[in-house]
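Asker:
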Amino acid sequence: ARQFGEAAVPGQHSEAVRRGLKDVLLPNGKGTVRTPDGQTYVGSFFNGLMHGKCTWTDKKAQQYIGEWQNGKKHGRGTYSYASGSVYEGEWKDGKKH
């Protein structure tokens, strides 16, 4: 798989794409994206969006490990909340399913 390394995105990733930065930064392949608000995405990307197996973490120590499709949690995954509770199961279009 193609590696793109690590990229810092100004603002939240989805906002960056909407604002037209997609011409400047559209990671494809495997790598890491960090946002100024403390989110980190590690895994596979397609056209700048998480796609395939990825891990997401935020500055509150919440984490999602699992499958993504077009930038949304989709498929099998585990979400660990800052409170310590965990949801493991299916996701569809970014929501528990």
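For the sequence shown, my numbering assigns the number 1032 to the initial residue and increments by one for each residue that follows. Yeah, the Cβ is synthetic: ideal placement off N, Cα and C, and Gly gets one too. On a predicted model such as this, the values are computed, not experimentally measured, just so you know.
#1: If I measure Cβ to Cβ from Gly-1083 and keep anything under 6 angstroms in the same chain, skipping five residues before and after, which residues do I get?
#2: Report the residue from Ala-1092, Glu-1121, Ser-1116 and Thr-1066 whose alpha carbon sits nearest the alpha carbon of Trp-1099.
#3: Does Thr-1071 come out as helix, strand or coil in the three-state DSSP assignment?
#4: If you measure between the beta carbons of Thr-1088 and Gly-1097, is that distance less than 8 angstroms?
#5: Can you find the residues in the same chain that come closer than 7 angstroms, C-beta to C-beta, to Cys-1085, ignoring five residues on each side of it along the sequence?
#6: Roughly how many angstroms lie between the CA atoms of Ser-1111 and Val-1117, to the nearest whole one?
#7: Short of 6 angstroms in beta carbon distance, which residues of its chain neighbour Gly-1125, apart from the five on each side in sequence? Order them along the chain.
#8: Is Phe-1091 helix, strand or coil by DSSP?
#9: Going along the chain, which residues of its own chain have a beta-carbon closer than 7 angstroms to the beta-carbon of Lys-1090, five neighbours each way excluded?
Answerer: Quick answer:
#1: For Gly-1083, where only same-chain residues beyond five positions count, the Cβ hits under 6 angstroms are Ser-1075.
#2: When each option's Cα is compared against that of Trp-1099, the closest is Glu-1121.
#3: In the displayed model, Thr-1071 falls within a strand according to three-state DSSP.
#4: Going by beta carbons, Thr-1088 and Gly-1097 fall outside the 8 angstroms limit.
#5: Correct list, in chain order: Tyr-1072, Val-1073, Gly-1074, Ser-1075 and Trp-1099.
#6: About 5 angstroms.
#7: Here the set comprises Lys-1103 and Lys-1104.
#8: Strictly speaking, residue 1091 in this sequence is Lys, with Phe absent from that position. It is coil, neither helix nor strand.
#9: So the list reads Gly-1069, once near-sequence residues are dropped.
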